[in-house]
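Have a look at the structure below, then the notes.
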Amino acid sequence: MRPGKARGRITHVTDQVLAKNGVGRDAKAEYEVGPTNMRLPLILILLLTFSSTAEAVELTIITPKGYVSFTAADEWAVIGSQTKLPVAVMAFQIKDPADDGTPDSTNVAISLYDQSSPEGREGMKGIGKKYGVVPPKVSRVGEWQVFDQRNTQNGTEYTILDARREVADVTVSVRLAWPHLKAQARDHESAMRGIFSKLLASVHGGMGQHQPRPGETVLRPSARPIPPLQR
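Letter 44 of the sequence shown, counting from 1, is numbered 44 in my numbering, and no numbers are missing.
Listed below in structure tokens is the structure:
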């Protein structure tokens, strides 16, 4: 994984969180990846577990009563991070050569919400939010409730996929948004949906103390963003 600089409006990781990562208000797609109120001072421990291959990185966030883990591709650029509950967010940009020279980009975010707090409950209202005229299609993939919709921004059509489920003592949401561009391969949409499905399948967690594995790196973030991951 590497630090990244978004080129469009990835709002609601929030402007403040993205700004700490060098991303301004004119950064890419207008699709929220997290709520705007992150005030409670609970400090989480972010455990970064590097996999045995060069293709993926496993991340574990410690929650008040348990933990949540997911796997991110090594080449995803980190564009935003906020590791404090009641809302914790990590946002990434997925490289797509077709968007070079355009204001568009493909972005993914994983958010954790503490339902016991007003901020957490407010943030969850954005999961599956309707952006266009047509409401999102709602389905289930295992334990996940999935919302699938399209919307146009600045003349470019985007697909926005949201999913949510309960893990340990929090609600987890995953969002993937990508533009539809002429230079993309014919199988690009199926590839994106495959990435989304794989990410959902990687999310797991549990209650109780997390047992770090050998080689696991532990970061204790304060109000500052997570530093770039180093391999």
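Where is the CB? At the ideal position from N, CA and C, for every residue including glycine.
| query | result |
| --- | --- |
| Here's the rule: buried if 16 or more other CB atoms are within 10 angstroms of the residue's CB, otherwise exposed. What is Gly194? | exposed |
| Do Val167 and Val68 have their C-beta atoms within less than 9 angstroms of each other? | yes |
| Which of the three DSSP states, helix, strand or coil, is assigned to Gly194? | helix |
| Taking all protein chains shown into account, do 16 or more other C-beta atoms lie within 10 angstroms of the C-beta of Pro97, making it buried, or fewer, making it exposed? | exposed |
| Could you tell me whether the Cβ atoms of Ala109 and Val170 are closer together than 9 angstroms? | no |
| For Gln211, does the count of other Cβ atoms within 10 angstroms reach 16, so buried, or fall short, so exposed? | exposed |
| Which word fits Gly120, buried or exposed, when buried means at least 16 other C-beta atoms lie within 10 angstroms of its C-beta? | buried |
| Considering only their Cβ atoms, is the gap separating Lys137 from Gln153 smaller than 9 angstroms? | no |
| Any contact of the segment 70-85 with the segment 99-113, i.e. 3+ C-beta pairs under 8 angstroms? | yes |
| Pull up the distance between the alpha-carbon of Thr60 and that of Ser111, whole angstroms please. | 12 angstroms |
| I need the straight-line Cα distance from Gly142 to Lys130, nearest angstrom please. | 23 angstroms |
| Do you know offhand how far Leu199's Cα is from Ile160's? | 15 angstroms |
| If I'm right that Val203 touches Phe70 with Cβ under 8 angstroms, what's the distance once you round it to whole angstroms? | 5 angstroms |
| Can you give the Cα-Cα distance for Thr83 and Met90, rounded to whole angstroms? | 8 angstroms |
| Just how far apart, CA to CA, sit Pro118 and Met124? | 10 angstroms |
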